[in-house]
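Here is the structure we will look at, set down as structure tokens.
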Amino acid sequence: MKKIIFSIIVLSLCFSTSCSKNEEPEPLDLSTLTPQDDDANSNNDAEEDTETGDMDENMEEEETEGLMGSFQGSAHPTSGDVKIVNDTVIMSDNFKSDDGPDLYIYLAQDVNGNGFIDLGTLKSTSGVQEYSVPAGVDYTKNKYVMVWCKKFNVLFGYAVVE
């Protein structure tokens, strides 16, 4: 009888710690984003072009290549490559994640999900997919692309894009 009671206690403790709701991260206040003024930037670009012709080529290369990273699992196996090009998060064809009850894509400021921007529900647990990012996001701060379970506040996996 003692063994049965002990087993029940151990199992209930294991279940309650693995499935309990974690602390919810703080979202980024989107009203603080300041979109780039295209006219102001184009004037600066014109001045830079006259100084060096190479700078324009480097800018085009950077826009085409974007920021890149590779997913690593956290609570669940998550893998594959991701990039951000022209305010769009693009998962590559090698992207894979476990399925979950309430999965979203976040762009966050740290691995705990703080300062996150909700990009929408995960469209598929594998393959190519795209998510729009609001204009004005600082990618030096929001550099964690995450697969996040809202229901249980669990990080499935993340990639640091640089």
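Positions -21 to -1, 1 to 141 (mature numbering (1 follows the signal peptide of the UniProt record, and there is no 0)) are the ones given, in order, by the sequence shown.
We put the beta carbon where it would ideally sit given N, CA and C, even for glycine.
- Counting C-beta pairs with one atom in each stretch, the region 114 to 123 and the region 98 to 105 have fewer than three that are closer than 8 Å, which means they do not touch.
- Here DSSP, grouped into helix, strand and coil, assigns T104 to coil.
- H55 and L82 have their C-alpha atoms some 12 Å from each other.
- DSSP places S10 in the helix class (H, G or I) of the three-state scheme.
- Pairwise C-beta distances place the region 88 to 98 out of contact with the region 55 to 66, as fewer than three of them are shorter than 8 Å.
- Residue pairing from DSSP places L82 in a beta bridge opposite C128.
- E44 sits in a helix when the DSSP states are folded into three classes.
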